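A short write-up of the structure that comes next.
In the UniProt record's numbering, the protein residues as written are 1 to 178.
Quick look at the structure:
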């Protein structure tokens, strides 16, 4: 597998009923189940839209996006003006295939997703990107300049994750103007 070739040539496809999702696994049951059982239904009901990162007909990862807001009290140090709530795009689900795990594809897909959201912000009012990150993924999102709302101590995040692997922490990133 040529990593450079994959990074240079993967593309996104909007999820549709013709995609074969059976072989995709990221190793997290909740994320696998969402893609296989719920993503298309959510999309048909306008709750979220899922994009598959594809390379050579294979799904290397996916991201589900939806509209969100974030309260001023949670981001006051990052807010340019005082509003009750700010418009945001939420990364509802994000996963990379186990086959491609540990090879920086996750960071590539996240960075590309953030760039696409930045482009959206040129057409509609969007100030932030949000994600309810599983505790064990907070470090991953922090590498892309996401900040956590309530928990800032990595040791505390680790303890929370050890108690409940499904616990999430709200993280956000201010949209950078292109």
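Even glycine gets a Cβ: it sits at the ideal position worked out from N, Cα and C.
Since the structure is predicted, the reported quantities are computational estimates derived from the model, not experimental observations.
- Between the region 45-59 and the region 11-28 there are three or more inter-stretch CB-CB distances shorter than 8 Å, so the stretches are counted as touching.
- If you check the CB distance, residue 93 and residue 15 do not come in under 7 Å.
- Less than 7 Å divides the Cβ of residue 128 from the Cβ of residue 174.
- The beta carbon of residue 69 lies closer than 7 Å to those of 85, 86, 87 and 88 in the same chain, with the five residues before and after it left out.
- By the neighbour-count definition (other C-beta atoms within 10 Å, threshold 16), residue 83 is an exposed residue.
- Contact between residue 12 and residue 52 holds: CB atoms are separated by about 7 Å, below the 8 Å threshold.
- A residue is called buried when at least 16 other Cβ atoms come within 10 angstroms of its Cβ; residue 72 does not meet this threshold and is exposed.
- C-alpha of residue 39 to C-alpha of residue 64: approximately 8 Å in a straight line.
- When the beta-carbon positions are compared, residue 134 and residue 168 come within less than 7 Å of each other.
- Of 29, 115, 90 and 102, the smallest CA-CA separation from residue 49 is found for 90.
- Assignment of residue 68 by DSSP, reduced to helix, strand and coil, places it in the strand class.
- The C-beta distance from residue 9 to residue 55 rounds to 6 Å, short enough to meet the 8 Å contact threshold.
- Residue pairing of residue 134 in beta bridges, as defined by DSSP: 168.
- Looking at the DSSP output, residue 59 bridges to 54.
- For residue 86, the uninterrupted beta strand (DSSP E) run begins and ends at 85-96, by DSSP.
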